[in-house]
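Residue numbers (the working numbering), protein chains in the order written: chain W, 4 to 434; chain X, 150 to 354.
All remarks here apply to the structure that follows.
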Ligand SMILES: Cc1cc2nc3c(=O)[nH]c(=O)nc-3n(C[C@H](O)[C@H](O)[C@H](O)COP(=O)(O)O)c2cc1C
Ligand code: SF4
Ligand code: FES
């Protein structure tokens, strides 16, 4: 049986209740943390080598250490989860809100913050209710508020609902939104809100899954966490598997020890490609990631391992597309998403995404021209010069330079499919 | 005269008090207002502006950035169907087309009886039960045309009100505690805790 950390309460239908949480060890990690110095808690997280689970994979311990010199003012948890086909934070928020709350309190103690916020995507009505309930219960239990468990440490925690905008997942846009403004990403530098964050004060932003690991790390020690996985990818990770598989879902697996093939094919995981078909393409880490193909299936599920193949593990979402799927349509739909969600501040992103979407639309629906294929690549090159991976940054945030990934992947591999769309006056595949 | 009901006004004031700066409550208050009126009325935006100490124009300018905030009336039930990548692979476009026919309105439109508004959504982070459908931001998990029709019938007949409140009501669990940690007491408490910890460590040596 493999180790489960953040889904340890998976077997219980009532995992979100305080009764079940307490019966299965909730807030024990917090008690242990409070018996240690904040520095010692930071040291455990450093030893765990916990990489951020929000997409960029930045070590949590390092991020925190940028603040140790500064008096941190705020801690903000990112539960905006809107990257297409990513649904692991949704699972953690609804199914284990006490683990999340406990993780936030531990992080706040380590950083000596006295007010923290959990930003939750507005579309998660049930999740918002469950976390609000968990926070109420945590106050009543003595785990929040003044003098937590008699330790002298005090913290207020507020759950903040989003209102529907993908871009608010970008941490500086999230802070703008939390300040009651439109979700416009801030100009960098500073590269981290650690320097200038909420209300201009130093702020740490961490993902839901990142902090959900903290109760286990404190209880079991950073070394035990680091013993799982390999290299820089330690511990376990949640993967959200969707698309053409028999058993789509959220799976917790040890980092690096399994491959994409294992995740897709093992009976207790993805259960194989639906209907026994063959894999045509895989989106390995959210729609910002360059695609994988059948020859990449044996790549281990680790951050550096995927980066070595010029893509990214990103948000932990994996979409499988079988041999019957139309790649023009897939690229079009992803580009339509970016076009819809671009905040509009930067011209290459705002104009580029709309233009790309229109060209892909006409290829897919009829009316495409032979020169469109190169036009697409040319437009992509304007947004992310050289079409390298990782992409060149031409815009305020990385949404813009992420747009070319799917288009470039699809054309590089399936150019003839694009050409066929021109000849056929649209798509032969149907939907 | 307050546009918010007395109970809502009290809840709005308690919400503002949770933030270091009042403007941070702007979006939560927009949700509260939608809970009362179903959408963001002019009067509500004025009142939110007053509570957050910004102009009503700033409230509107902010609210219109966000998909969930509606400055025009919507149906009692907003039905959102996802057509993003995972749902597209599971037939999201067909389900959306079916819903258009069934409701007799296009995406973005509202049925003539004012009951349903239909939206095409981006990924709702529930991609393993695809295509994903939400009604008033509740995951209803009706992935087939038949299941969707049955749900719409049930809602039209006044069913499932406990599970799916009318549009705008978002968080039905009330926060029971205000802020417990006033900034001025913190400094004192911190110093005391620091001294206590130092003493403990001294003692354990
Ligand atoms: C366009 C865009 C969308 C993002 N969406 C999310 C998101 O939904 N959730 C998340 O945790 N991080 C998201 N991120 C990453 C955050 O900016 C940030 O790196 C992360 O929340 C930090 O947490 P971590 O270090 O614990 O991973 C997004 C980044 C970009 C550029
Ligand atoms: S890159 Fe796109 S989403 Fe990001 S700030 Fe610029 S316009 Fe907005
Ligand atoms: S792609 Fe539809 S819910 Fe995620």
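Here a beta-carbon is modelled for each residue, glycine too, at the ideal position from N, C-alpha and C.
DSSP beta-bridge partners of residue i
i	result
residue 115 of chain W	BP columns for residue 115 of chain W are empty, so no partner.
residue 102 of chain W	According to DSSP, residue 102 of chain W bridges with nothing at all.
residue 206 of chain W	W:77
residue 287 of chain X	X:284
residue 231 of chain X	X:270
residue 62 of chain W	W:54
residue 243 of chain W	W:253, W:320
residue 164 of chain W	W:123
residue 357 of chain W	DSSP lists no partner for residue 357 of chain W.
residue 177 of chain X	DSSP lists no partner for residue 177 of chain X.
residue 282 of chain W	W:325
residue 237 of chain W	W:232
residue 393 of chain W	Partner(s): none; residue 393 of chain W has no beta bridge.
residue 262 of chain W	W:303
residue 259 of chain X	X:266
residue 158 of chain W	W:148
Cutoff 8 Å; reference residue i; Cβ partners in own chain excluding five residues on either side
i	result
residue 4 of chain W	Residue placement at residue 4 of chain W is flagged as unreliable, the pLDDT there being 46, under the threshold of 50; the coordinate-derived value follows with that caveat. Excluding sequence neighbours, residue 4 of chain W sits near nothing in its chain.
residue 23 of chain W	12, 15, 17
residue 277 of chain W	247, 248, 249, 325
residue 29 of chain W	21, 101, 102, 105, 218
residue 251 of chain W	244, 245, 273
residue 207 of chain W	66, 67, 70, 75, 77, 78, 79, 110, 114, 116, 196, 197, 200
residue 200 of chain X	161, 162, 165, 171, 174, 178
residue 205 of chain W	70, 73, 74, 75, 76, 77, 196, 197, 198, 199
residue 313 of chain X	226, 284, 285, 287, 289, 304
residue 2 of chain W	Chain W is shown only over 4 to 434; residue 2 of chain W falls outside these bounds and no answer can be derived.
Partners in chain X for residue i, counting only beta-carbon separations shorter than 7 Å
i	result
residue 90 of chain W	274, 275, 276, 277
residue 333 of chain W	234
residue 167 of chain W	215, 216, 217
residue 322 of chain W	234, 235
Within chain W, the residues that residue i reaches when beta carbons sit closer than 7 Å
i	result
residue 173 of chain X	181, 182, 183
residue 294 of chain X	The premise fails here: residue 294 of chain X is roughly 14 Å from chain W at the closest Cβ pair, so nothing lies under 7 Å.
residue 167 of chain X	161
Contacts of residue i in chain W (Cβ-Cβ under 8 Å)
i	result
residue 265 of chain X	The contacting residues do not exist; residue 265 of chain X stays about 18 Å from chain W at best.
residue 287 of chain X	128, 129
residue 283 of chain X	126
residue 211 of chain X	183, 184, 185
Under 9 Å from the C-beta of residue i: neighbouring residues of chain W
i	result
residue 226 of chain X	Result: empty, since nearest Cβ-Cβ is about 13 Å, beyond 9 Å.
residue 222 of chain X	Near residue 222 of chain X there are no residues of chain W at all, since even the closest Cβ is about 18 Å away, more than 9 Å.
residue 326 of chain X	138, 139, 142, 143, 147, 148, 159
Assumed close pair residue i, residue j - CB separation to whole angstroms, cut-off 8 Å
i	j	result
residue 245 of chain X	residue 230 of chain X	5 Å
residue 3 of chain W	residue 54 of chain W	No answer is possible for residue 3 of chain W: the residues shown for chain W start at 4 and end at 434.
residue 314 of chain W	residue 297 of chain W	Contact doesn't hold; Cβ gap of about 14 Å is too wide.
residue 105 of chain W	residue 32 of chain W	6 Å
residue 437 of chain W	residue 56 of chain W	Because residue 437 of chain W is not part of the residues shown, which for chain W are 4 to 434, the question remains open.
residue 90 of chain W	residue 159 of chain X	Not confirmed; about 36 Å, so no contact.
residue 273 of chain W	residue 244 of chain W	5 Å
residue 185 of chain W	residue 214 of chain X	4 Å
residue 331 of chain W	residue 367 of chain W	5 Å
residue 58 of chain W	residue 289 of chain W	7 Å
Contacts that residue i makes with chain X (C-beta to C-beta distance below 8 Å)
i	result
residue 247 of chain W	238
residue 136 of chain W	322
residue 26 of chain W	Near residue 26 of chain W there are no residues of chain X at all, since even the closest Cβ is about 22 Å away, more than 8 Å.
residue 164 of chain W	176, 177, 180, 319, 320
Same chain, Cβ closer than 6 Å to residue i, neighbours up to 5 away in sequence not counted
i	result
residue 411 of chain W	383, 390
residue 360 of chain W	338, 339, 342
residue 317 of chain X	183, 184, 187
Residues of its chain near residue i, where Cβ-Cβ distance is below 7 Å and the 5 sequence neighbours each way are ignored
i	result
residue 69 of chain W	195, 197
residue 222 of chain X	187, 188
residue 428 of chain W	369
residue 93 of chain W	84, 127, 130
residue 157 of chain X	181, 185
residue 124 of chain W	82, 83, 84, 85, 165
residue 154 of chain X	185
residue 308 of chain W	259, 302
residue 424 of chain W	331, 366, 367, 371, 430
Contacts of residue i in chain X (Cβ-Cβ under 9 Å)
i	result
residue 158 of chain W	329, 330
residue 337 of chain W	233, 234
residue 85 of chain W	271, 272, 273, 274
Review point. Whose CB is closer than 6 Å to a heavy atom of ligand 2? List the residues in chain order.
Key: W:170, W:188, W:345, W:346, W:347, W:348, W:349, W:352, W:353, W:398, W:399, W:400, W:402, W:403
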